[in-house]
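Taken in sequence, the protein lines are chains A and B.
Numbering of the first sequence is given in the working numbering, commencing with residue 966 and proceeding in unit increments.
Numbering of the second sequence is given in the working numbering, commencing with residue 373 and proceeding in unit increments.
Note that beta-carbon positions come from the ideal geometry of N, C-alpha and C, so glycine has one too.
Structure first, commentary second.
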Amino acid sequence: MAIEILIVDDAPNIVLSLEFLMKKEGFSVRSVGDGDSALLAVEEKRPDLVLLDVMIPKKNGYEVCEALRADPRCQGVKIIMLTAKGREVEQEKGLALGADDYVTKPFATRELVLKVRAMLGLAND
Amino acid sequence: MSWQWIVPLMSIAYLGLLFAVAYHADRQAARGRSLVNNPTIYTLSIAVYCTSWTYYGSVGRAAETGIGFLPIFLGPTIMAALWWQLLTKIIAISKANHITSIADFIASRFGKSPVLGGMVTLFVVIGVLPYIALQLKAVAVSLDVLVHHLDDFLDMRGSSNPWGDTALYVAMILALFSILFGTRHLDASERHEGMVTAIAFESIVKLGAFLFVGLFVTFGLFDGFGDLFGKAMADPALQRLMTFEAMPGGFAAWFSMTLIAMLAVMFLPRQFQVLVVENVNPVHIRQASWLFPLYLLAFNLFVLPIALAGRLLFSGGGMDPDTFVLILPIQGNQVWLALFVYLGGLSAATSMVIVEVIAMSTMVSNDLVLPLLLRFRAAFREDLSGIILTIRRGIIIALMLLGYLYFRLIGESHTLVSIGIISFAAVAQFAPAILIGIYWQGVSRRAAMGGLMAGFIVWSHTLLFASFAKSGWIAGSFLTHGPWGIAWLKPQALFGLSLFDPLTHSVFWSLLANIGTLVLISLFDRQTAVEQIQALNFVNVFEKGARGGNEYLWSGFVSVSELKKLLSRFVGPAQAELDFANYMQHRLLNLEEHAQAPAHLVAFAEKRLTGAIGSASARVMVSSVVTGEELDLHGVMRILDETSQVIEYSQRLELKSRQLEAATCKLQEVNERLQELDRLKDEFISTVSHELRTPLTSIRAFSEILRDNEEMDLGDRRRFTEIIIKEAERLTRLVNQILDLAKIESGKMEWHLERVDLVEIARDAIDATHQLFENKSVRLSFHAPSYPVMLRADRDKIIQVVINLLSNAVKFCEASIGAVEVHLRQVPEGVGIEVVDNGPGIPKDDLEKVFEKFHQVDQARDETMDVPLGTGLGLTICQRIIERHRGRIWVESALGQGATFKFLMPLDPGE
């Protein structure tokens, strides 16, 4: 069964680039543009990993992260926070709320892919 | 032995008795058993008012003017009714300020002015000297009359008068007495208990003698009042005496006599001395205010009977009515009674002279001699305490001699009454400054001086010089034709006023000039700080806090030892040491000798000195050792300006604290705003960073994807390259707009205001964006007048606004069916442009937010459209530009009904 990735970001071009990167790794990719849609998408089908931007409409990334971690059905879901605000306090906040890792925008695509694979327990070649 | 020997010896024996009484009282006082701490003694001492003028003169006056003698007693009786209010206040002021005399009182009230003190003293000497002369004359005349008549009567005519000049001896003996009992202590504000007791004793003697002679005349020479008055009524000349007609000047004269008697009983130096300076306890006033009028009543009971009897018995005339009291007992063969009467008269004269001279010596030494002496104080560096007493003694002798001289030169030509009246009218001049001064703070030093001066000039002219003219000292034409022949300056008909008798005339003009000058100057004068403080101390003497004022007067520097040295120069080193020790103990102070003296200690030293040398001299002396700022005039004045200084002060404090509170509140608000601004700035930076990172992220991601995926098909490759370019463009715009906005908001943006045509601006903007419309096949229509619409504005900035609105409109229009209208509007407030689109419209909640920074309405469709990517700053900048032109920009819209952006600007934004 293909690995399920959920991309949550409101910047269309960024979503486009992330979709490209994840599909290229052979993952099954869905993408949404706001917090509510993200939770609905998780409800619909549990993803293995969520690439979660912080600054999204309706519910922000922190709230989505918190909701996911509060849901026992989502225990195994990995969460990588994406943040365009580089301040440490925001990164720490994401980690404290249960995110597995964070990535600062703009990111190096190779590193991001490696990070995703590592988190999913896939061997890096 | 001749009466020429007996009477003088008896007089000396009587004075010896007085010495004994005074000495005894002083001894008792020294042992702490005060005899004068007694309302009856106090009242009797006030009766020093009844002098030989009363004793002999009122009978003389009654014999000539009938009940015209009454005002002299009516005045004090009325005044006594006011004492409880008036005298209580004056005493309280005097005790609080260590006042030693009436000159001191006035000087102290008006800023401790040495000049004013000296002036009052001078006036007192000029005004009251005749009165002393009068007493000497009375004693001398009574003695001569008694001796003459007794010798005559008993047929024991002796040879020539071996005594020579009686008055001179009398003067010298009284001077001795005054020196012994009036200058025992240096502190003139201390009481002279021996003197007061002696005076009280004399008051009993004179009243007793007068009552005895009255009883003898009424019941001895006649058969009671009925007989006496009956016989008098039979004589038409005497009958006239019982009506007001007998009095020259009628009611006006009555009124003016009563008035000046009222003032005299308070402000004659001796009255002020016994009433105020010698007062032990203000409670004594209560008894004095009914007992003293009673005493006067007793004294006057027999004035008319004696006068009538004299007129009846000596109807042949030739007998001086002033001597009726003395001669009637002799006529009645009552030698011992005559001697007693003589002693009564002696009592009346001596008591007056003693108290008057003591009071005046204090004044003259403190307010005339000392200030002059202190001018040359370099020569008097040593202990002055001994010198001051010597000076006072010298002054007493000098005053006595002056009185004697006056009597010799001028006294012979006048009756007792007219001399007394001159003095009464003189002291009445002090009344306005004192009476108005203790109730109205506004009376200034210059006003008091002006008033006194005016009053005295008029008094001298209308009474004193007139009396000189009468006694032939100056030409009689002075009276009849006025000085230098100027008729309207005639001393008894000033400005042609000949309605009144001479006294009323003088009282009227002098008090009018006095009060008028005083009030007028006060209204326009500015008081110094010292004056204001003293005015407050006097007017508000009963109010709490008013007495602390003295301390504000000193803010300079002086060491404790210097201050002590100064005090010891006047009171002696031992006394100064004791005073300072007591004060420090009382205040729980422990000051080193070289320490700087606190203001209250300086004030204490000044007060202590005031008792010794008067307020004005004390102030001069203290300021001679205190260096530096004498006093912060402004601060003190402002604080003490109003009557209710304490209230005002606290009100000021309250106001200050309210102001502080308000300031704190304001600061807090500003601080909160600053914090808010700081937070906004942080947020802005964070947002800007986010906004910059977003296009950067796309650019980097796609660049790396292109690099890492060389096998990518051409369509994707082109699409991704296009995204990179667009995001790069957006980044550029974003950076530019952020800089623009920062410039506008910090006020550093340059604005080029000029006359421009809004139609042309709109056309330029349409030209610049028409490609966007063509790309998306959105229709654009422009509705504007055919003529130019001129206004003053920055051309490029307005074009920027219109372009922004147009590109926004086209961005949100659907391709092909989209339509945008541009309208140019002219309304009374100015001109503007509307950009109407038929796009999706804006939710109501977002209408306000669209102008906020980085607010972007759903840009999900951007990537598919051939329009610039939004930055979220365009509308914010538009708003700032329009606001700079004093216009406004807003949006009207509803979901699904398109949006209309409008701006409106005045034709001229000004500068």
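Cβ neighbours of residue 676 of chain B within its own chain (closer than 6 Å, five residues either side excluded): 434. Contact annotation for residue 1020 of chain A against chain B: 1062 [CB-CB distance below 7 Å, chain order]. Residues of the same chain with a CB within less than 6 Å of the CB of residue 594 of chain B, apart from the 5 flanking positions on each side, are 600 in chain order. Per the C-alpha coordinates, the member of B/551, B/876, B/883, B/478 positioned closest to residue 730 of chain B is B/551. The Cβ of residue 992 of chain A sits no closer than 8 Å to any Cβ of chain B. By the CB criterion at 8 Å, residue 990 of chain B and residue 482 of chain B fall outside the cutoff. In this structure, residue 546 of chain B sits near residue 722 of chain B, with a CB-CB distance shorter than 8 Å. Counting of Cβ neighbours within 10 angstroms places residue 1250 of chain B among the buried residues, the total reaching 16 or more.
Residue contact with chain A for residue 1127 of chain B: absent (no Cβ-Cβ distance below 8 Å to any residue of chain A).
Considering only B/555, B/521, B/515, B/520, the residue with the shortest C-alpha distance to residue 539 of chain B is B/515. In this structure, residue 1013 of chain A and residue 1043 of chain A form a Cβ contact; the two beta carbons are roughly 7 Å apart against a cut-off of 8 Å.
Cβ-Cβ distances below 6 Å link residue 543 of chain B to 508, 772, 776 in the same chain, with the five nearest sequence neighbours on each side left out; the list follows chain order. Taking all protein chains in view, the Cβ of residue 1159 of chain B is surrounded by fewer than 16 other Cβ atoms within 10 Å, so the residue is classified as exposed.
Taking each of B/743, B/765, B/1252 in turn and checking the Cα distance to residue 490 of chain B, the smallest one comes out for B/743. The beta carbon of residue 976 of chain A sits closer than 8 Å to some beta carbon of chain B. A residue is called buried when at least 16 other Cβ atoms come within 10 angstroms of its Cβ; residue 683 of chain B meets this threshold and is buried. The stretch 574-587 of chain B and the stretch 411-426 of chain B touch, with three or more beta-carbon pairs separated by less than 8 Å.
At least 8 Å separates the CB of residue 1184 of chain B from every CB of chain A. The C-beta distance from residue 873 of chain B to residue 720 of chain B rounds to 26 Å, too long to fall under 8 Å, and the pair is not in contact. In the DSSP assignment, residue 1009 of chain A falls within the alpha helix (DSSP H) that extends over 1000-1009. The closest CA to that of residue 1181 of chain B, considering only B/1213, B/1157, B/1163, B/1024, is found on B/1213. Distances from the alpha-carbon of residue 678 of chain B to those of B/1282, B/430, B/993 put B/430 closest. Taking 8 Å as the cut-off, the beta carbon of residue 565 of chain B is found closer than this to the beta carbon of residue 401 of chain B. Per DSSP, residue 1168 of chain B is one residue of the alpha helix (DSSP H) stretching across 1167-1184.
Taking the Cα positions, residue 708 of chain B is about 12 Å away from residue 716 of chain B. With fewer than 16 other Cβ atoms inside 10 Å of its own Cβ, residue 856 of chain B counts as exposed.
When the five nearest sequence neighbours on each side are left out, the beta carbons in the same chain lying within less than 7 Å of the beta carbon of residue 1140 of chain B are those of 1175, in order along the chain. Within the same chain, 470 come within 6 Å of residue 979 of chain B by CB-CB distance, once the 5 residues on both sides are set aside. Sequence-ordered contacts of the stretch 1097-1116 of chain B with chain A read 1098, 1099 [C-beta pairs closer than 9 Å]. Contact check for residue 1165 of chain B against residue 1062 of chain B fails: the beta carbons are separated by 8 Å or more. For residue 1069 of chain A, the enclosing beta strand (DSSP E) stretches over residues 1066-1069. Short of 6 Å from the beta carbon of residue 932 of chain B, and not among the five residues preceding or following it, lie these beta carbons of its own chain, in chain order: 963, 965, 967, 969. Annotated as proximal: residue 1209 of chain B and residue 1271 of chain B, with beta-carbon spacing under 8 Å. In the DSSP annotation of this structure, the continuous segment of the alpha helix (DSSP H) that includes residue 567 of chain B starts and ends at 565-587. Among the residues of chain A, none has a CB under 7 Å from the CB of residue 1036 of chain B; the nearest is roughly 33 Å distant. By the neighbour-count criterion, in which 16 or more other beta carbons inside 10 Å mark a residue as buried, residue 954 of chain B falls on the exposed side.
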